[in-house]
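So the structure is just underneath, and the comments pick up after that.
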Amino acid sequence: QIYLSLKQDLSDNVGLYASTLYSGRTMLDHVSGAGVTSGAFSVTVPSTSPYYVTLPGVAAGTAETVTYDPSADFGSTFTNRITTNTASTVAGADIQLGHGWKTQVEVNYGVEHDDVREYGINQSLASADALAGTFNPYGVGTPTNPAVLASIGNFNTRYFARQVLEGAQVKADGPLFDMPGGPVKGAFGIDTRREEFDGLTSAGATGGPFTSAPYEADSHRTSVSAFAELFFPLISELNHFAFAQRLDLSL
Numbered sequence: 108q109i110y111l112s113l114k115q116d117l118s119d120n121v122g123l124y125a126s127t128l129y130s131g132r133t134m135l136d137h138v139s140g141a142g143v144t145s146g147a148f149s150v151t152v153p154s155t156s157p158y159y160v161t162l163p164g165v166a167a168g169t170a171e172t173v174t175y176d177p178s179a180d181f182g183s184t185f186t187n188r189i190t191t192n193t194a195s196t197v198a199g200a201d202i203q204l205g206h207g208w209k210t211q212v213e214v215n216y217g218v219e220h221d222d223v224r225e226y227g228i229n230q231s232l233a234s235a236d237a238l239a240g241t242f243n244p245y246g247v248g249t250p251t252n253p254a255v256l257a258s259i260g261n262f263n264t265r266y267f268a269r270q271v272l273e274g275a276q277v278k279a280d281g282p283l284f285d286m287p288g289g290p291v292k293g294a295f296g297i298d299t300r301r302e303e304f305d306g307l308t309s310a311g312a313t314g315g316p317f318t319s320a321p322y323e324a325d326s327h328r329t330s331v332s333a334f335a336e337l338f339f340p341l342i343s344e345l346n347h348f349a350f351a352q353r354l355d356l357s358l
């Protein structure tokens, strides 16, 4: 994490300020092969497969549905990675306009990138290889060819998002005219804000084709607002009396 701050007076009437903050973090989540499918993934093994195991009570030549536990082949080799990077900057100026009036101009910019990568097995490929007789899902007997396992284990789901916030504000305040209780003051300002979001979800082999079309999202929103406030010192130390020491009105 990095934080920088700067303040500089250009004159008695003008001062500049700026600050920026950056933070980045990465979290690693080690998931066992069994945790990838939670015992819910099954493949069909035909009797023609060299890995076919005849089970008691199953008629010869009958295709078998086998619940596959990836931990037998992959162990704790799946490591999910979550990366978040955030940066924000604020800069502005304080200006004395004279006659009691002052103004402030400020802009800000912030951005966050989130990248989530969850690794696992290519279930479609595992199902196809089991039907083709090139994949052993039983966890016993002749092991599957390492190249076939490498292809099945080369799979990740990615969630990527970028959020941006931009803003600017100008405000001024000072005295307008005098009343018996003191000067009437006004404050006025305008504010603009823009938010952006875009994201991408995809799944497939690392560096290879997607197993399904990626889903993209892109949206933004812009808002503009203005404000005004008037302050009336109806009763103050300048015109108070026995039973009324202070009374202000703010609109």
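Throughout, this note's numbering is defined as the position within the sequence shown, counted from one, plus 107. Glycine included, C-beta positions come from ideal geometry on N, C-alpha and C.
Three-way DSSP call (helix, strand, coil) for residue i in this model
i, result
"Ser-330", "strand"
"Ile-297", "strand"
"Pro-157", "coil"
"Val-255", "helix"
"Gln-108", "coil"
"Phe-317", "strand"
"Ala-167", "coil"
"Leu-162", "coil"
"Asp-236", "helix"
"Ser-130", "strand"
Nearest to residue i (by Cα), restricted to the options the options
i, options, result
"Gly-207", "Ala-194, Gly-122 and Gly-293", "Gly-293"
"Gly-288", "Ser-332, Asn-263, Asp-180 and Ile-342", "Ile-342"
"Pro-250", "Tyr-159, Ser-332, Tyr-124 and Phe-334", "Tyr-159"
"Leu-117", "Pro-177, Val-214, Ile-202 and Asp-180", "Ile-202"
"Ile-259", "Asn-215, Gly-315 and Leu-162", "Gly-315"
"Gly-182", "Gly-227, Thr-172, Ala-166 and Tyr-124", "Gly-227"
"Thr-309", "Ala-268, Val-331, Gly-131 and Ala-147", "First, the residue type needs correcting, since residue 309 is Ser and not Thr in the sequence shown. Closest by alpha carbon: Ala-268."
"Asn-215", "Ala-166, Pro-253 and Arg-301", "Arg-301"
"Ala-324", "Leu-307, Arg-188, Ala-351 and Asn-346", "Leu-307"
"Tyr-110", "Tyr-129, Asp-119 and Ala-125", "Tyr-129"
"Phe-200", "Gly-274, Ser-326, Leu-232 and Val-121", "Looking at the sequence provided, one finds Ala at residue 200 rather than Phe. Nearest of Gly-274, Ser-326, Leu-232 and Val-121 to Ala-200, Cα basis: Val-121."
Residues bridged to residue i [DSSP beta-bridge criterion]
i, result
"Leu-376", "The displayed coordinates of the chain run from 108 to 358. Any statement about residue 376 would go beyond what the structure contains."
"Gln-211", "Asp-201 and Lys-278"
"Leu-307", "Phe-267 and Glu-323"
"Tyr-359", "Residue numbering for the chain in the displayed model covers 108 to 358; residue 359 lies beyond these limits and cannot be assessed."
"Pro-250", "According to DSSP, which records beta bridges pairwise, Pro-250 is partnered with nothing at all."
"Ser-149", "Thr-174"
"Ala-179", "For Ala-179, which the question treats as bridged, DSSP gives no partner whatsoever."
"Leu-283", "DSSP output for Leu-283 lists no bridge partner at all."
"Glu-365", "Residue 365 is absent from the model: the chain starts at 108 and stops at 358."
"Glu-86", "An answer regarding residue 86 cannot be provided, because it is not within the stretch 108 to 358 covered by the chain."
"Ile-189", "Met-134 and Val-223"
"Pro-290", "Asp-285"
"Gly-217", "Ser-195 and Leu-272"
CB-CB length for residue i against residue j, believed under 8 Å
i, j, result
"Ala-194", "Val-218", "6 Å"
"Ser-156", "Gly-240", "4 Å"
"Lys-209", "Asp-298", "About 17 Å separates the two Cβ atoms, so there is no contact after all."
"Leu-135", "Thr-186", "6 Å"
"Thr-151", "Leu-238", "6 Å"
"Gly-296", "Val-277", "6 Å"
"Ser-139", "Ser-112", "Actually they are not in contact, since the Cβ atoms of Ser-139 and Ser-112 sit about 46 Å apart, beyond 8 Å."
"Ala-198", "Ala-125", "4 Å"
"Val-291", "Phe-338", "7 Å"
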